[in-house]
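Protein chains in written order, with our numbering: chain A, 75 to 397; chain B, 6 to 687. Each residue gets a CB set at the ideal place from its N, CA and C atoms; glycine is no exception.
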Amino acid sequence: MNAAAAPDRDASALKGALEALETVVLGKPRQVRLCLACLLARGHLLIEDVPGVGKTTLAHALAQVLGLAWQRVQFTSDLLPADILGVSVFDRASQQFNFRQGPVFTQLLLADEVNRASPRTQSALLEAMEERQVSVDGTSHRLPEPFFVVATQNPHEQLGTFPLPESQLDRFLMRVTLGYPDAVHERELLRNGDRRDLIARISPVLDTAAVIRAQHMVRATHVAEPLLDYAQTLVARTRDRADLRLGLSPRAGQGLIRGAQAWARLAGRSKVLPEDVQAVLPAVIAHRLERREGIEGASRDSSGAAAGLDVAQELIRTVPVPV
Amino acid sequence: MTEVRTAAATPRSPMLWVCGTGAAATVLHVAEVPPWVTIAALALIAWRLAAVFGAVRLPGGVVRVALGLALVAAVFAQFRALDGLLPGTAMLMLMAAIKVLETRTRRDQYVVIGGALFLLLAACLYGQGLAWVPLYGADALLCCSALAIVAYTPGADDGAFAAPLGLRTHEVIALAGRTLLYAVPLAILLFLFFPRLPGHLWGLTGGDDAVTGLSDTMTPGSITRLSASYDIAFRVRFDGRAPPPEKRYWRAIVMNDFDGATWTAGRPAPGRTQRLECLSRPYRYRISLQPTFTHWWLALDTVMGSPSPDVRYTGDYQLIAAHRLTHSLSYSAVSCTRVRSLAPLFSAARLEETRLPPGRNPQAAALALRLRRRAGSDVAFVQAVLAFLRTGGFSYSLTPPPLGLRNPVDDFLFHTRTGFCGHYASAFVDMMRAGGVPARVVTGYLGGRWNPYDGTFIVRQSDAHAWAEVWLHGRGWTRVDPTAVVEPQRLYRGILDLLPNAVSAPERLVHAWPWLGAALERWEALNGWWNQRVVGFNSRAQLGLLGDLGLHSPELRDAAWAFGATLLAWLAWISWQIGREIGAPPLDRLARAYLRLCRKLARTGLPRAPHQGPLAYAQAISRLRPDLASRVQPLLENYAQLRFGSPSPAHPHNLRLFERAVARLSLPSPTQARRRRRSRPR
Numbered sequence: 075m076n077a078a079a080a081p082d083r084d085a086s087a088l089k090g091a092l093e094a095l096e097t098v099v100l101g102k103p104r105q106v107r108l109c110l111a112c113l114l115a116r117g118h119l120l121i122e123d124v125p126g127v128g129k130t131t132l133a134h135a136l137a138q139v140l141g142l143a144w145q146r147v148q149f150t151s152d153l154l155p156a157d158i159l160g161v162s163v164f165d166r167a168s169q170q171f172n173f174r175q176g177p178v179f180t181q182l183l184l185a186d187e188v189n190r191a192s193p194r195t196q197s198a199l200l201e202a203m204e205e206r207q208v209s210v211d212g213t214s215h216r217l218p219e220p221f222f223v224v225a226t227q228n229p230h231e232q233l234g235t236f237p238l239p240e241s242q243l244d245r246f247l248m249r250v251t252l253g254y255p256d257a258v259h260e261r262e263l264l265r266n267g268d269r270r271d272l273i274a275r276i277s278p279v280l281d282t283a284a285v286i287r288a289q290h291m292v293r294a295t296h297v298a299e300p301l302l303d304y305a306q307t308l309v310a311r312t313r314d315r316a317d318l319r320l321g322l323s324p325r326a327g328q329g330l331i332r333g334a335q336a337w338a339r340l341a342g343r344s345k346v347l348p349e350d351v352q353a354v355l356p357a358v359i360a361h362r363l364e365r366r367e368g369i370e371g372a373s374r375d376s377s378g379a380a381a382g383l384d385v386a387q388e389l390i391r392t393v394p395v396p397v
Numbered sequence: 006m007t008e009v010r011t012a013a014a015t016p017r018s019p020m021l022w023v024c025g026t027g028a029a030a031t032v033l034h035v036a037e038v039p040p041w042v043t044i045a046a047l048a049l050i051a052w053r054l055a056a057v058f059g060a061v062r063l064p065g066g067v068v069r070v071a072l073g074l075a076l077v078a079a080v081f082a083q084f085r086a087l088d089g090l091l092p093g094t095a096m097l098m099l100m101a102a103i104k105v106l107e108t109r110t111r112r113d114q115y116v117v118i119g120g121a122l123f124l125l126l127a128a129c130l131y132g133q134g135l136a137w138v139p140l141y142g143a144d145a146l147l148c149c150s151a152l153a154i155v156a157y158t159p160g161a162d163d164g165a166f167a168a169p170l171g172l173r174t175h176e177v178i179a180l181a182g183r184t185l186l187y188a189v190p191l192a193i194l195l196f197l198f199f200p201r202l203p204g205h206l207w208g209l210t211g212g213d214d215a216v217t218g219l220s221d222t223m224t225p226g227s228i229t230r231l232s233a234s235y236d237i238a239f240r241v242r243f244d245g246r247a248p249p250p251e252k253r254y255w256r257a258i259v260m261n262d263f264d265g266a267t268w269t270a271g272r273p274a275p276g277r278t279q280r281l282e283c284l285s286r287p288y289r290y291r292i293s294l295q296p297t298f299t300h301w302w303l304a305l306d307t308v309m310g311s312p313s314p315d316v317r318y319t320g321d322y323q324l325i326a327a328h329r330l331t332h333s334l335s336y337s338a339v340s341c342t343r344v345r346s347l348a349p350l351f352s353a354a355r356l357e358e359t360r361l362p363p364g365r366n367p368q369a370a371a372l373a374l375r376l377r378r379r380a381g382s383d384v385a386f387v388q389a390v391l392a393f394l395r396t397g398g399f400s401y402s403l404t405p406p407p408l409g410l411r412n413p414v415d416d417f418l419f420h421t422r423t424g425f426c427g428h429y430a431s432a433f434v435d436m437m438r439a440g441g442v443p444a445r446v447v448t449g450y451l452g453g454r455w456n457p458y459d460g461t462f463i464v465r466q467s468d469a470h471a472w473a474e475v476w477l478h479g480r481g482w483t484r485v486d487p488t489a490v491v492e493p494q495r496l497y498r499g500i501l502d503l504l505p506n507a508v509s510a511p512e513r514l515v516h517a518w519p520w521l522g523a524a525l526e527r528w529e530a531l532n533g534w535w536n537q538r539v540v541g542f543n544s545r546a547q548l549g550l551l552g553d554l555g556l557h558s559p560e561l562r563d564a565a566w567a568f569g570a571t572l573l574a575w576l577a578w579i580s581w582q583i584g585r586e587i588g589a590p591p592l593d594r595l596a597r598a599y600l601r602l603c604r605k606l607a608r609t610g611l612p613r614a615p616h617q618g619p620l621a622y623a624q625a626i627s628r629l630r631p632d633l634a635s636r637v638q639p640l641l642e643n644y645a646q647l648r649f650g651s652p653s654p655a656h657p658h659n660l661r662l663f664e665r666a667v668a669r670l671s672l673p674s675p676t677q678a679r680r681r682r683r684s685r686p687r
């Protein structure tokens, strides 16, 4: 491989991936870009919205375009950890336990309606997400590289759900909401029928190696000191606010920088600007913030999500960018 | 997508706050202006409030102008003037309310809050008591909170350039409170050292309708009304020992003109004061006198000289000021409770002090002549009349039956035999004069209650008293209190103790519950301090303060210097505080050059919002002014590379290039740009 030409080729491949995704998910270029940025920043993605706006389609399309192996698990309340991680089965022939891998052993795990599973199952997923390995019966099994969890949940459904605990929410780099399509794109959806046929037809733009290369490229995106100041100020501002239950964690700050790096790279830049931080800030921090109980009576449900977005917008508008 | 949420077009909360400040400022004046002014102002504000909630529409310009003219006419019809304190206040209230009605933009809101603050200042002209302080403070806090809300709520008129504070109501109030606290040192500074001119700026207030404890006429019966007042007349602090209660006669007005029913303060005896010989120890004291709305000042009987150059010390020992007393003041005086004057009474004065209207009160005159003939001397005659009062079946009451107009003294002495100090003093002096002894009525106050919390005596309007003075050979004018003969307890106890049912309900409450009385005493002690030290801090007190600070013979100019110096100190302190809070790091060369570029762009009408990064700024510019994009965009991209790209810090050579490019950039001024756009062919 020609080493000098590789970065250029990868940059155009990223552009191609974006274009391919936009043909599947119509009228949501910003969300599509956020999702891709999230994966390039080696982060897990939470897609939150009402049913039928294309959450699963987006996740499928991501897997397909990136050329990754993927598995889908529909989360239900009776789903057990072993259903995700896998089980040790006694093999009569060899007289020993053999580990049979669960669906988590893939490159992109689509966890549909993740908030329907019991906390026990959710926390099993947690270890996998953070450690990128699975421990069963005292043995650790490494997960493939790259490894992403794309989870979806419906925030408005309350009955029989287990809201994700803060620790788990913090492990998702970004939360993206899709929202209803606008009139033009909705008309197109109505005319052209199911998008899933389309997914099957699009060819992978990247492959495993290219994704890993892109991830390395993202990590190498230059972050100047003034920009770190800016990110630090943004994070610090959430910590001295009386109306928030908790400020942002250092992990959130790291995520902010990584997300901004990926965003800059997707824009074809090799340096991070304050604008990149502002672009990813709502998606990175909104789901990690929770209004203090009793201040406006809201917990972290749909209105809580809006509250987090409000805080993010307000931070963007009140914290001056470094000059 | 829900991530970018725009603020509602016209936010409601600033308008509610603005209406609140208007209404509060209006309510502050409810006691002074006629009721219709308050009602009209509140109605206009309510109209604006209803419009906020979409209940009604705002009036058009014609309606507003008509309303304004009508209200000006109404104020003129009420006061026959538009200037002066009261008409001015009414005008300000009404015009501020109309301003509320037409308020749409943020600028209008600032104007309304400014008007509300001005009304607060006007309120300080009316009420300066300590009780007002919390109310004024609350209103100032309300106005400052409203300012913060208005300043930091993004409005429809300023698009992306406002920075919402994101504060809750209580946080806004806390912010306003903190700001006011920062201002407190400045306020104290202005109060202490801002040069004060002699005279009372606040002396604007006043009027004849004020309730007063003293009157220059006395028709027995008129003092009943006065006794019902629990208001403080004055406070006294003695240097050293205080005189015993039976000696605490506070002398004010001498009345020597009698028409048979009413005593009037005649022409005061001319200024050649008869020399007094002090027979008791001299008492030194300081009086804080509440406004009396008369010319008389109070002093312990008998005062030995004038306490102030503005006050005349008359031949009959009155203190008469050139101007009516419309504000509280304090002064020091020296008095002796027992005096003797050996100077003779001139015949003209004797004639004056024994004159009675012919044909009035004949029975009293006849009795007096009979008693005088039986008595061997004037002193014996006085004793005989007092004995008559003591033994004649007289009683003390604050609610005596009415007396006839023609011969009230006869009525009192021979029919009703019930009355209070005024009745007894009047009847006694009438009989003295009928018997040929020079006599006159003196009014003032008797007694005073010790306030343990500030060591003063408080004398109330209910302590008002009237007594008599007779001229005795070898002693001069001598005080005789006929009321004390009838009701000896009056000397030692106030009217409240004596006749608890004679006064109004709240006073009875204070009387019935000692703790309430104690609380009242504390409050009055505090209030006394406030009136004397804060409200009464005049130019003389200011110069005194400067003298205490070590200045010899201080003048106004010294006050100005002291003010300037401390103002500088305060400004330095506050700047240091603010500087510490902002803690801005010093700017490097790149930042200076970039800010210079931003200033150039701002001058041509394209300011950068503080939260705009360089590329977002470039995009905004190319959207608003495509003609400039080609020149500005490379510069901004260059900056982005120098600031955020690698290597960091940027190479000095590239930095210099950027600086030079910024310096070379010349942009059209907004007017030029507009002209060019207009001349462009369509």
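CB contact flag (residue i, residue j, <8 Å)
| i | j | result |
| --- | --- | --- |
| THR131 of chain A | ARG325 of chain A | no |
| LEU136 of chain A | LEU182 of chain A | yes |
| ALA389 of chain B | LEU376 of chain B | yes |
| VAL540 of chain B | TYR401 of chain B | no |
| ARG256 of chain B | VAL447 of chain B | yes |
| ALA316 of chain A | GLU176 of chain B | yes |
| THR267 of chain B | PHE298 of chain B | no |
| PRO487 of chain B | LEU394 of chain B | yes |
| TYR141 of chain B | CYS129 of chain B | yes |
Proximity test, Cβ basis, 8 Å: residue i and chain B
| i | result |
| --- | --- |
| ALA135 of chain A | no |
| LYS345 of chain A | yes |
| PRO300 of chain A | yes |
| GLU349 of chain A | yes |
| PRO394 of chain A | yes |
| ILE390 of chain A | yes |
Proximity test, Cβ basis, 8 Å: residue i and chain A
| i | result |
| --- | --- |
| PRO139 of chain B | no |
| ASP163 of chain B | Any reading at ASP163 of chain B must be qualified, since the residue scores a pLDDT of 49, below 50, and its modelled position is unreliable; the value itself is stated next. For ASP163 of chain B, the answer is no, since every Cβ of chain A falls outside 8 Å of its Cβ. |
| GLY618 of chain B | yes |
| PRO19 of chain B | no |
| PRO615 of chain B | yes |
| LEU670 of chain B | no |
| ALA645 of chain B | yes |
| PHE663 of chain B | no |
In DSSP terms, what residue i is bridged to
| i | result |
| --- | --- |
| LEU693 of chain B | No answer is possible for residue 693 of chain B: it lies beyond the span of chain B, which begins at 6 and ends at 687. |
| TRP476 of chain B | B:TRP482 |
| TYR401 of chain B | B:GLY424 |
**Asked** What are the start and end residues of each continuous beta strand (DSSP E) run of 3 or more residues lying completely inside the region 142–186 of chain A, in chain order?
**Response** 144–148, 160–165, 170–175 and 182–186
**Message:** Would the region 379–393 of chain B count as touching the region 402–414 of chain B if we require 3 or more Cβ pairs under 8 Å?
**Reply:** no
**Prompt:** Where in the region 269–342 of chain A do unbroken runs of the alpha helix (DSSP H), each at least 4 residues long, occur, reported from the N-terminal end onward?
**Reply:** 269–275, 282–293, 299–313 and 324–340
**Asked** On the three-pair Cβ rule with 8 Å, is the region 430–444 of chain B touching the region 470–483 of chain B?
**Response** yes
**Message:** I'd like to know if the region 111–125 of chain A and the region 237–247 of chain A are in contact, where contact means that at least 3 CB-CB pairs between them fall below 8 Å.
**Reply:** yes
**Message:** Contact between the region 59–72 of chain B and the region 181–200 of chain B is defined here as three or more beta-carbon pairs at a separation below 8 Å; is this criterion met?
**Reply:** no
**Completely contained beta strand (DSSP E) runs for the region 206–241 of chain A, where each covers 3 or more residues** = 207–210, 213–216 and 222–227
**Request:** State whether the region 269–279 of chain A contacts the region 144–159 of chain A, with contact taken as three or more CB pairs (one from each stretch) at a distance under 8 Å.
**Result:** no
**Prompt:** If we count Cβ pairs, one from each stretch, closer than 8 Å, do we get three or more for the region 83–96 of chain A versus the region 300–315 of chain A?
**Reply:** no
**Prompt:** With contact counted as at least three CB pairs below 8 Å, one residue from each stretch, are the region 629–647 of chain B and the region 574–586 of chain B in contact?
**Reply:** no
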